[in-house]
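Q: Numbers in this note's numbering are just positions in the sequence shown, counted from 1, shifted up by 605. Just so it is clear, CB atoms sit at the ideal spot from N, CA and C, and this is done for glycine as well.
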Amino acid sequence: MGASKANPTAITTSGRGRFVSRALAQAEADQALHFAVAIERLRGWPVHATYVGETVVRYQAESSGDQVFDPRGIFTSERFSNMVVVPLVRLRRDWPSDALQNGQLRIGTKCLGEEGIAEAGLLDEAAIEQATALLQSNSVYLDLVPERPQPRLPAKTLALYSWSGCAVYAEALSRVTGLPAATMILDGLLDGHDLTGDRFHAVVVHPDGSVEDVWGRQPAEHVAQRYGMARWHFDPDAHRAMIGEAMRVRPSAVDDIAQAEAVILQHRDASAGQLSTLRPNAAPTPRHPQH
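1) Pop quiz: E719 and V652 are said to be a contact at Cβ under 8 Å. What is the actual Cβ separation, rounded to whole angstroms?
2) Put L763 into one of helix, strand or coil per three-state DSSP.
3) For R806, I'd like the list of residues in its chain whose CB is within less than 6 Å of its CB, leaving aside the five on either flank, ordered along the chain.
4) Give me whichever residues DSSP pairs with C716 in a beta bridge.
5) Can you name, in chain order, every residue of its own chain whose Cβ lies under 8 Å from the Cβ of V781, other than the five neighbours on each side?
6) What did DSSP end up calling A865 once you bin it into helix, strand or coil?
7) Evaluate R853 with the Cβ neighbour count: other Cβ atoms within 10 Å of its Cβ, from every protein chain shown; 16 or more gives buried, anything less gives exposed.
8) Would you say T617 and V810 are within 9 Å of each other, going by their C-beta atoms?
9) Check for me: the beta strand (DSSP E) holding P628 runs from which residue to which?
10) So if DSSP puts R831 in a beta bridge, which residue, or which two residues, is it bridged to?
11) Taking 8 Å as the limit between beta carbons, can you name the residues of its chain near A704, skipping five residues before and five after?
12) From what residue to what residue does the alpha helix (DSSP H) around H844 run?
13) Taking Q735 as the reference, give the member of A863, R695 and A641 with the closest Cα.
14) According to the neighbour-count rule (16 or more other Cβ atoms, all chains shown, within 10 Å of its Cβ), is A637 buried or exposed?
15) Helix, strand or coil: which one does DSSP assign to D703?
16) Between the segment 627-634 and the segment 689-702, can you find at least three pairs of beta-carbon atoms closer than 8 Å?
17) Given that a residue counts as buried once 16 or more other Cβ atoms are within 10 Å of its Cβ, and exposed if not, what is E826?
18) In the structure shown, what three-state DSSP assignment does D792 receive?
19) Which partner residues of T782 appear in the DSSP bridge assignment?
20) Use the C-beta contact count for L739: other C-beta atoms within 10 angstroms, 16 or more gives buried, fewer gives exposed.
21) With DSSP as the reference, identify every bridge partner of A807, one or two as the case may be.
22) Can you list, in chain order, the residues of its chain with a C-beta nearer than 6 Å to that of S779? Leave out the 5 residues immediately preceding and following it.
23) Does the structure place the segment 814-825 close enough to the segment 664-684 that three or more beta carbon pairs sit under 8 Å?
24) Verify whether the separation of the beta carbon atoms of E683 and D842 is less than 9 Å.
25) Have a look at Y774, A725, V828 and H838 and flag the residue whose alpha-carbon is nearest the alpha-carbon of D860.
26) From S767 to H844, what does the alpha carbon distance come to, in whole angstroms?
27) Verify whether the separation of the beta carbon atoms of E776 and I722 is less than 9 Å.
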């Protein structure tokens with residue numbers, strides 16, 4: 606099984622895990638919206654939307670690392686952009702002016718989750734059932750989609766703390782767990798990424814070298830992939846300096862950290878309750894599993 610998972614993109618785009626043309630057309634009829642929702646229900650990975658300006662061109666489920674789950678295959682974010690998003694964007698020539706910024710199309714992605722789709726009134730249970738059946742009929746594809754571990758924080762929380770709020774979350778998590786917080790400093794970018802910055806992403810570091818952020822505990826390499834890092838190093842001083850500066854210039858930073866602590870405790874308690882319900886004879890698990 607390990608060998609079969611070596612190249613998910615090849616397997617799901619041209620191998621045994623690809624969807625045939627009729628199934629692909631069915632999944633793409635609604636910009637892959639209900640396919641993404643079905644992935645979230647089956648495996649837990651939240652629905653994201655890719656926008657050009659204010660217009661959605663694709664819905665996709667995304668992992669905590671750098672995997673994108675789409676009817677056309679399982680991709681890294683770079684390959685998803687090149688193989689799915691760019692061709693979709695090129696189909697249209699008359700993008701409105703609000704889709705442009707400095708003469709270039711504004712393309713971005715937002716984490717919505719099923720709850721965001723429901724709030725927008727876009728959920729169709731019949732379409733979700735159809736997409737679920739389609740996925741379950743392709744066991745090769747579905748077996749390549751890992752289960753999202755607990756606790757599963759909601760999409761709004763992921764969106765809040767994945768990028769600019771990561772330092773606040775790391776500080777709060779450090780206070781809850783007693784683990785040291787550090788900034789992952791970018792030393793080199795992965796091919797195809799153009800993100801830059803001295804202080805890139807804040808995490809807490811576990812004794813075994815794994816890290817934890819709003820997506821949960823996982824190998825540092827997975828976090829690095831999500832943020833386009835080929836090489837990086839940990840800098841606890843950079844994190845402390847960032848938090849210290851935030852508290853000096855923004856008094857509300859104290860409240861922001863307290864709010865993040867409350868979110869962490871709420872979901873850890875909920876996760877512990879779920880685990881004890883599933884495994885009543887097991888001892889409490891202080892750290893949730895993560896891929």
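A: Looking at the coordinates:
1) One-based indexing of the sequence shown puts residue 719 at position 114. One-based indexing of the sequence shown puts residue 652 at position 47. Right, their Cβ atoms sit about 6 Å apart.
2) Numbered from 1 along the sequence shown, position 158 holds the residue referred to as residue 763. Reduced to three states, the DSSP call for L763 is helix.
3) Taking the sequence shown and counting its residues from 1, the one referred to as residue 806 is at position 201. Rather than Arg, the amino acid found at residue 806 in this sequence is His. If we look at H806 and ignore the five residues flanking it on each side, its Cβ neighbours are C771, M789 and Y832.
4) Against the sequence shown, residue 716 aligns to sequence position 111. Beta-bridge pairing links C716 to H653.
5) Numbered from 1 along the sequence shown, position 176 holds the residue referred to as residue 781. Once the five neighbours on either side are set aside, the close Cβ partners of V781 are E866, I869, L870 and R873.
6) Position 260 of the sequence shown holds residue 865. Helix at A865.
7) Taking the first residue of the sequence shown as 1, we reach residue 853 at position 248. With fewer than 16 Cβ atoms within 10 Å of its Cβ, R853 is classed as exposed.
8) Reading the sequence shown from its first residue, position 12 is the one you call residue 617. Reading the sequence shown from its first residue, position 205 is the one you call residue 810. For T617 and V810, no; Cβs fall outside 9 Å.
9) One-based indexing of the sequence shown puts residue 628 at position 23. The sequence as given places Ala at residue 628; Pro does not occur at that position. Premise fails: A628 lies in the alpha helix (DSSP H), S626 to E633, not in any beta strand (DSSP E).
10) The residue you call residue 831 lines up with position 226 of the sequence shown. Looking at the DSSP output, R831 sits in no beta bridge, so it has no partner there.
11) To locate residue 704, count along the sequence shown from 1; it is residue 99. If we look at A704 and ignore the five residues flanking it on each side, its Cβ neighbours are V657, G658, E659, T660, L710 and R711.
12) Position 239 of the sequence shown, counted from the start, is the residue given in the question as residue 844. Taken as a continuous stretch (DSSP letters only), the alpha helix (DSSP H) holding H844 covers P841 to V854.
13) The sequence position of residue 735 within the sequence shown is 130, counting from 1. Nearest C-alpha to Q735 among A863, R695 and A641: A641.
14) Residue mapping note: residue 637 aligns to position 32 of the sequence shown, counting from 1. So A637 counts as buried.
15) Residue numbering aside, residue 703 sits at position 98 when the sequence shown is read from its first letter. D703: helix per DSSP, three-state reduction.
16) Touching, no.
17) Taking the sequence shown and counting its residues from 1, the one referred to as residue 826 is at position 221. With fewer than 16 Cβ atoms within 10 Å of its Cβ, E826 is classed as exposed.
18) In the sequence shown, the residue the question calls residue 792 occupies position 187. Taken through DSSP and simplified to helix, strand or coil, D792 comes out as strand.
19) The sequence position of residue 782 within the sequence shown is 177, counting from 1. Answer is none; T782 lacks a bridge partner.
20) Locating residue 739 in the sequence shown gives position 134, counting from the first residue. L739 should be labelled buried.
21) Start at 1 with the first residue of the sequence shown, and residue 807 comes out as number 202. DSSP output for A807 lists T788 as bridge partner(s).
22) The count along the sequence shown starts at 1 and reaches residue 779 at position 174. Excluding positions up to five away in sequence, the list reads A786 and V809.
23) yes
24) Translated into the one-based positions of the sequence shown, residue 683 becomes position 78. Translated into the one-based positions of the sequence shown, residue 842 becomes position 237. Contact flag unset, no.
25) For the purposes of this step, residue 860 is identified with residue 255 of the sequence shown, where counting begins at 1. D860 has its Cα closest to that of Y774, out of Y774, A725, V828 and H838.
26) If you number the sequence shown from 1, residue 767 lands on position 162. If you number the sequence shown from 1, residue 844 lands on position 239. If you take the alpha carbons of S767 and H844, they lie about 15 Å apart.
27) Indexing the sequence shown from 1 puts residue 776 at position 171. Indexing the sequence shown from 1 puts residue 722 at position 117. No, Cβ-Cβ distance for E776 and I722 is not below 9 Å.
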